[in-house]
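Student:
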Amino acid sequence: MIWRFNCTDACPRGIKVTQAITEVKRALLFNRKAVVR
């Protein structure tokens, strides 16, 4: 059986996981600091 869930919905701290990952990727690509909200 495969478990599937939305990371943002499953996060107990209310972190927008997909947005945070995107911001970190952009920071790495453009050599900037990531601002994870």
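Using UniProt numbering, the final residue of the sequence shown is 37, and nothing's skipped along the way.
Beta carbons are placed, not taken as given, at the ideal position from N, Cα and C, and that holds for glycine.
(1) Assign F30 to one of three DSSP states: helix, strand, or coil.
(2) What are the boundary residues of the alpha helix (DSSP H) that includes C7?
(3) Taking the C-alpha atoms as reference points, what is the distance between E23 and P12?
(4) Does DSSP classify K16 as helix, strand or coil?
Tutor: This is what the structure holds:
(1) helix
(2) 7–10
(3) 20 Å
(4) coil
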